[in-house]
Structures are given as structure tokens and as C-alpha cells.
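Below you'll find the structure, written out as C-alpha cells, and then a few comments.
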Amino acid sequence: MECIEGWLQSSLQRVYLSTPIPAAAPDSPDQPFELLVARNERGSFQVCVRNTGTERVDLTLTMSGCDDLRVLARRVGYVNVAHHNTATPVDELDGIGHIPGPVPDPLLHDQSVSLGPLETHAFWITVVVPADATPGIQPLRLKLEHEGVPVAQLAAAINIHPLVVQPRQGFPVTHWFYADALCDWYKVEPFEERFWSIAQAYMTNLIEHGNNCMYVPLFTPPTDGVKRPTQLLRFSTPGPGEYWFNFNEVQRWTRLATRLGARYFEWTHLFTQWGAKNAIRVYRNNANPDSLLWPADTLATSDTYRQFLAQFLPEFKQFLTSEGLLDKSFFHLSDEPQEHHLEQYRAARALLAELAPWMKVADALSDVSFGKLGLTDIPIPVTSTARDYAEAGIPAWVYFCCGPRGRYLNRLIDTPPGKIRAAGWLFYRLRAQGFLHWGYNYWYKSQTRELIDPFNEQSGAAWPGWAYGDTFEVYPGQNGPIDSLRWELFAESLQDYALLQTLGISPDDPMLADMKGYDDFPKDAATIPALRRRLLAA
Numbered sequence: 003m004e005c006i007e008g009w010l011q012s013s014l015q016r017v018y019l020s021t022p023i024p025a026a027a028p029d030s031p032d033q034p035f036e037l038l039v040a041r042n043e044r045g046s047f048q049v050c051v052r053n054t055g056t057e058r059v060d061l062t063l064t065m066s067g068c069d070d071l072r073v074l075a076r077r078v079g080y081v082n083v084a085h086h087n088t089a090t091p092v093d094e095l096d097g098i099g100h101i102p103g104p105v106p107d108p109l110l111h112d113q114s115v116s117l118g119p120l121e122t123h124a125f126w127i128t129v130v131v132p133a134d135a136t137p138g139i140q141p142l143r144l145k146l147e148h149e150g151v152p153v154a155q156l157a158a159a160i161n162i163h164p165l166v167v168q169p170r171q172g173f174p175v176t177h178w179f180y181a182d183a184l185c186d187w188y189k190v191e192p193f194e195e196r197f198w199s200i201a202q203a204y205m206t207n208l209i210e211h212g213n214n215c216m217y218v219p220l221f222t223p224p225t226d227g228v229k230r231p232t233q234l235l236r237f238s239t240p241g242p243g244e245y246w247f248n249f250n251e252v253q254r255w256t257r258l259a260t261r262l263g264a265r266y267f268e269w270t271h272l273f274t275q276w277g278a279k280n281a282i283r284v285y286r287n288n289a290n291p292d293s294l295l296w297p298a299d300t301l302a303t304s305d306t307y308r309q310f311l312a313q314f315l316p317e318f319k320q321f322l323t324s325e326g327l328l329d330k331s332f333f334h335l336s337d338e339p340q341e342h343h344l345e346q347y348r349a350a351r352a353l354l355a356e357l358a359p360w361m362k363v364a365d366a367l368s369d370v371s372f373g374k375l376g377l378t379d380i381p382i383p384v385t386s387t388a389r390d391y392a393e394a395g396i397p398a399w400v401y402f403c404c405g406p407r408g409r410y411l412n413r414l415i416d417t418p419p420g421k422i423r424a425a426g427w428l429f430y431r432l433r434a435q436g437f438l439h440w441g442y443n444y445w446y447k448s449q450t451r452e453l454i455d456p457f458n459e460q461s462g463a464a465w466p467g468w469a470y471g472d473t474f475e476v477y478p479g480q481n482g483p484i485d486s487l488r489w490e491l492f493a494e495s496l497q498d499y500a501l502l503q504t505l506g507i508s509p510d511d512p513m514l515a516d517m518k519g520y521d522d523f524p525k526d527a528a529t530i531p532a533l534r535r536r537l538l539a540a
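Counting in our numbering, the sequence shown runs from 3 upward without gaps.
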């Protein structure tokens, strides 16, 4: 079919509907596209196809070869994006000339595509190489067929390096995982049996993408608005100010996560967001949002909340100890207090230190003054202030969210793919102790319980304050998550971290010298593949 042209290209370049056919594509059977992957790694590339004709053409992708590898083909879907994100230089934006408009992001479990006239589409190919794979070149043949007749034949060479990459060690990665979003989207009640099968699919996805620390909704998360009650902890009140706790569903959650591969656990904040002014909302049951144990304006250090914590925290510790989770857990006090919240935060921290001196507190604290005062065990600054912590000699995790933008590392829907893929290299080079992100599956209008359609709205309906591509990394599928292009690239960056660790590369190695800061690093599509080739050639 003369109107169809196919080619292979890197996964570090987005393919838009109007992406042109490249001048030359080295992926003929005589000169196949090469993907270099070590053993126990996964790699990716794209099969691209353009219809230069004037009629609709329906195509199906078929593959053969690489029989001892796992090869997954997914069609790259498009979502409607209304604007570019703000506060970012033009040379740091992807999709110029395409946004507003359809942007490639969801990876759909579909090997067929309908191309309209003058349209380009892509399939995302993921190659999973087991640890015992035979090193060497394995050919992968790809065909685009129309009504069973091949119209384009392409070839990839999967170059399997002998190195076996070891699992990442000592770098916790966590994303806030919203049980309420699962309940509302899939129309299930909290923690009924169907909920658990859906939650397992999402937990599996998190682990497969390098998220080794699982968020646990012990209580309903007190972040970003008043949420639907979804607390795992059950309890009764036999008398005024008395509480009996039931950890059965907490245990089910943590044991499931452990079985799936989680190595660390992150627990709900114990005080309200942005200042620790109030006690969190604790409900008698998840079915009744009015079943609060105390008024919503109850102060953080009130006698009421102190009495609750004094009974809860010892039993919580007993549960953690009996399950072998105490040394694998990270606890939160309050999210992102500012300088004027210092005294409130200090008072809440003193209460926790008195009642639970064993508790290892990790909080997003971008203001370095909190770190210098030692008010948290594990500070988590935003990338734009991480340098302040490093210069003060304070070990810290790091996070990004809607900001910082500009030249800083992020993974927004218009962030260049090469910039996203640099994440793991920067974490390694800059000696971050861990990574946290708030938006794994926040499919809500900002600060509300109103669901949005993530295929048409990716900023929580709060642009420009909230950025497109920040509120979620996966889309809701029929029975589980649909990966985004951004999520896959970030996972591969964490795999690069494991590669550096396996090879024993020093963060100060001259090879990493260009990774100077979270706002100063190579962001093109060629640098990371070139660094990987150098590492695997050494």
C-alpha cells in the first residue's frame, strides 16, 4: 500500500498526529533499529506509521522473534490537552505546534489502529529481558498489516548485554495512591472484595514501575481537600474517650503489597496539611462521611486528639512490630508547612516525640530552616530547594509536583521525554535519599470529590496553578491502570539508577559530570542512550 510508511524510533521522542516521516530511518531488514538492554531490564522503542493518502486505513501490528523475551505492544493513545504549562521556556516544552490539541500519553492494550488521511500513529514496544536470557542479538520482526496483507515490514535488533542488573537498593520511591479514586471510578465500596482485586492491579503496576514503597491509607488522607472516607483502620468506642482498634484490613493491605514486592511502607499524615493546625478527620465508618470522631476544627494538640493518639500509637507500634514493618516504615506529620507554621508544626512534632519516640517522621519541608532545626527525621524538599539541604549537609529525599517548572526536572505532559528519563540519573548523581510524588491516580477536580475525565483533563481543572500531567501517572482502565508514556519513561529512569548501582559507579564519576543540578542537566533524546552505551561497553 503506497500511502503507508512505517519506521522505528526511540521512545524518547513523542509521536504526534502530524509527525512527518523522517528523512532516513535505519530500520530496514538490512539495517535494523537496535535496542541495547542488559539482563533483568526492560527497554522500549516505537513503531511509527503514517498515512500519506486520502482515505482511512485500518492496520494491525504483528510481531515475531525474541521468543524467550517478553515483548508487549501497546498503541499510543492521544488525550486532549487545552494548553501548554506555564512558567517554562519555549526550548523546555515538548509539543509546540501540537498543543492545544491531541497529545500522545496513554499506552492502550490494542495492536490495531485506524489512520485517517495524513495521520501518524505509534505503537509502544516494551521488551522485558529476564535475568537468565542468552546474551547477544535477537531479531524482532514487526509487520503492519491491512486486512491480513503486510503493508510495512520492519526489523529491530534486541542487543542483550551479559550484565544482570540487580534490584535497586536503599532508594525508596513512593507515590500517593488514592483508594477513594478507585472507589469512585469503579463504583465499589471501600474494601469490599471487588475493591481488593482492583487495588491489586494498581499495586502491581506501582511495583513494576520501580515504586518500592507502598502508601497505606491507614486513615483517610488529609491532603488536597476533604476526601471520601477510605480508612483501613477499624475501631469501636466502648466508652467516652476509649478506643478499640482493629488492624485486620491494614494487615491485608500491607501483606498484599509485600507479596507483590513492596519493601517499604508510607503511612497517612497524622495532622492536617499546610501547617499541622488540626487533628485529621477520623471516621467511625467509611459509609458515613458525617461519622467523625471529633469536629473537623479540633486542634492538633487538643486533649481530645492527644487522648486518641495516646491509645492508638502504642497499638500501632505493636502491629508494625508483629508484622516486621517498623524498620521499613515512613511516617508523616504534616505536608509542606511554611515558615509561619513553624510553631504549630513544632508543637505537633513535640506531641509525637512524647507519645511515639520510635516514629521516624518524613515530611515535605522545602524551607531549609525546618531541616536546620531538626524538626523531622527525613526532610523531603522540592527539587528547587534540594541544593539548600545539600549545602547545609542535611541528607534528604526529594520531590517535585506542579512545580518547579522552567528548567527543573519534572514529568509533565509537555515535558520533553529526554528530560523525564534523566530523573534516575539526577537522583543518583545528587545523592537523593528517596523520592516522593503526590499524584499517582488523583482523578479529581482540585480539592473536591468531583471526578474528572482524565482523557480530557489532566490538571485537576486547576490550570495554570496545577500543571497538565501532574495529578496522575496512570489512566483508569476497565479493571486496572493504563500506563502513561510519562510513567514508563520515569520507570526506565529508575532502572538506570539500578544500572549505575549495579556497576558501582560513583556519583562523582566524570561520566556523570553534566548532571549538575535538578535545573542543569542534558535534556535531549540522545544523551541517556549514549551514557548507557558507555556504561555497558566498559
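C-beta atoms are modelled at their ideal positions from N, C-alpha and C, and glycine is treated no differently.
Quick caveat: nothing in here was measured; it's all calculated off a predicted structure.
query                                                                                                                                                                : result
For Q346, collect the residues of the same chain with a Cβ closer than 6 Å to its Cβ; drop the 5 residues on either side in sequence, then sort them by chain order. : G277, A278 and K279
Taking the beta strand (DSSP E) that E147 falls in, what are its first and last residues?                                                                            : G138 to H148
I'd like the ranges of any alpha helix (DSSP H) spanning at least 4 consecutive residues and lying wholly in the segment 281-329.                                    : 305-324
If you draw a straight line from the alpha carbon of G426 to that of G462, how long is it in whole angstroms?                                                        : 27 Å
Where V73 and A434 are concerned, what is the direct C-alpha to C-alpha distance, given to the nearest angstrom?                                                     : 33 Å
Taking all protein chains shown into account, decide if G395 is buried (16 or more other Cβ within 10 angstroms of its Cβ) or exposed.                               : exposed
Taking only runs that begin and end inside the segment 405-485, name each unbroken beta strand (DSSP E) of 3 or more residues, in chain order.                       : 437-439, 476-478 and 483-485
What residue range is occupied by the uninterrupted alpha helix (DSSP H) comprising C185?                                                                            : A181 to Y188
Since P152 is in the alpha helix (DSSP H), which residue starts that stretch and which ends it?                                                                      : Counting along the chain, P152 falls outside any alpha helix (DSSP H), though it belongs to the beta strand (DSSP E) covering V151 to V166.
Could you tell me whether the Cβ of V190 comes closer than 8 Å to any Cβ of chain D?                                                                                 : Any reference to chain D falls outside this structure, which holds one protein chain only.
Following the continuous alpha helix (DSSP H) through Q202, name the residue where it begins and the one where it ends.                                              : E195 to E210
Verify whether the separation of the beta carbon atoms of P141 and A154 is less than 8 Å.                                                                            : no
Rounded C-beta distance between Q11 and T62? I'm assuming under 8 Å.                                                                                                 : That belief does not hold up - the Cβ atoms of Q11 and T62 are roughly 20 Å apart, past 8 Å.
Can you tell me the Cα-Cα spacing of W255 and D337, whole angstroms?                                                                                                 : 23 Å
Can you tell which of Q460, Y391, W178 and P192 has its C-alpha closest to the C-alpha of P291?                                                                      : P192
Is the segment 231-239 in contact with the segment 444-461, if contact means three or more CB pairs nearer than 8 Å?                                                 : no
Once DSSP output is grouped into helix, strand and coil, what is the label at N53?                                                                                   : strand
For V131 and A539, I'd like the C-alpha separation in whole angstroms.                                                                                               : 18 Å
For the beta strand (DSSP E) holding L61, just list the boundary residues, first then last.                                                                          : V59 to G67
The alpha helix (DSSP H) that contains E494, what's its start and end?                                                                                               : L487 to L505
Let me confirm a value: D498 is counted as buried when at least 16 other C-beta atoms fall within 10 Å, else exposed. Which label applies?                           : buried
Return the Cβ separation of Q503 and R265 in integer angstroms, given the expectation that the two are a contact with Cβ distance under 8 Å.                         : Going by Cβ atoms, the distance from Q503 to R265 rounds to 15 Å, so no, they are not a contact pair.
Mapping the DSSP letters down to three states, classify L110 as helix, strand or coil.                                                                               : strand
For the alpha helix (DSSP H) that W255 lies in, which residues bound it at each end?                                                                                 : N250 to L262
For P231, tell me which candidate among N288, L220 and T128 has the shortest Cα-Cα distance.                                                                         : N288
Let's test the definition: count the other Cβ atoms within 10 Å of the Cβ of S199 and tell me whether it reaches 16, buried, or not, exposed.                        : exposed
Should W465 and E475 be called a contact, given that it needs their Cβ atoms to be closer than 8 Å?                                                                  : no
Starting from A40, follow its DSSP beta bridges and name the residues at the other end.                                                                              : H163
Who are the Cβ neighbours of L301 in its own chain at under 8 Å, not counting the five residues just before and after it?                                            : K279, N280, A281 and Y307
For F173, tell me which candidate among Q313, P152, N250 and N213 has the shortest Cα-Cα distance.                                                                   : N213
Can you say whether I530 is buried or exposed, counting buried as having 16 or more other CB atoms within 10 angstroms of its CB?                                    : buried
Using alpha carbons as the reference points, say which of V51, A183 and L367 lies closest to P119.                                                                   : V51
Are V105 and I382 touching if we call contact CB-CB under 8 Å?                                                                                                       : no
Work out the CA separation of Y18 and G97 for me, nearest whole Å.                                                                                                   : 8 Å
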